[in-house]
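Report on the structure given below.
In the UniProt record's numbering, the protein residues as written are 1 to 96.
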């Protein structure tokens with residue numbers, strides 16, 4: 001079970017990092033338009049994948065463990081997402 005959680009978390013963090021790098025690259029290039037779209041999409045995909053995490057944990061462990069893992073995963077992802085937004089803001093800030 002721990003291997004499944006580790007793989008899922010690694011994929012989610014990798015997706016977040018890839019989306020952040022794409023956003024940073026685009027912001028530095030000065031693109032106009034859908035700023036933050038890739039980062040938002042990565043968050044949306046993570047939310048859509050969370051029922052898989054919940055169901056697999058429920059089947060392999062129990063319902064309480066599934067709620068705990070799902071809650072911790074959501075809190076950690078929200079913190080990582082907001083941290084990446086702050087990093088992107090700081091890296092793309094233009095000094096006047």
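In this text, a Cβ means the ideal position worked out from N, Cα and C, and glycines have one as well.
Along the chain, where does the alpha helix (DSSP H) that runs through residue i open and close?
i         : result
residue 4 : 2-29
Check the C-beta distance from residue i over to residue j and give it rounded, since I have them as a contact under 8 Å.
i           : j          : result
residue 27  : residue 88 : 7 Å
residue 24  : residue 91 : 6 Å
residue 84  : residue 29 : Their Cβ separation, rounded to whole angstroms, is 18 Å, which puts residue 84 and residue 29 out of contact at 8 Å.
residue 57  : residue 69 : 5 Å
residue 61  : residue 1  : 6 Å
residue 106 : residue 50 : With the chain running from 1 to 96 in the structure shown, residue 106 is simply not present.
Every unbroken beta strand (DSSP E) inside the stretch 44-84 [3 residues or more]: Whole beta strand (DSSP E) segments, 3+ residues: zero.
* the stretch 36-46 in contact with the stretch 9-25 per 3-pair CB rule at 8 Å -> In the pairwise beta carbon analysis, the stretch 36-46 is classified as touching the stretch 9-25: at least three pairs are separated by under 8 Å.
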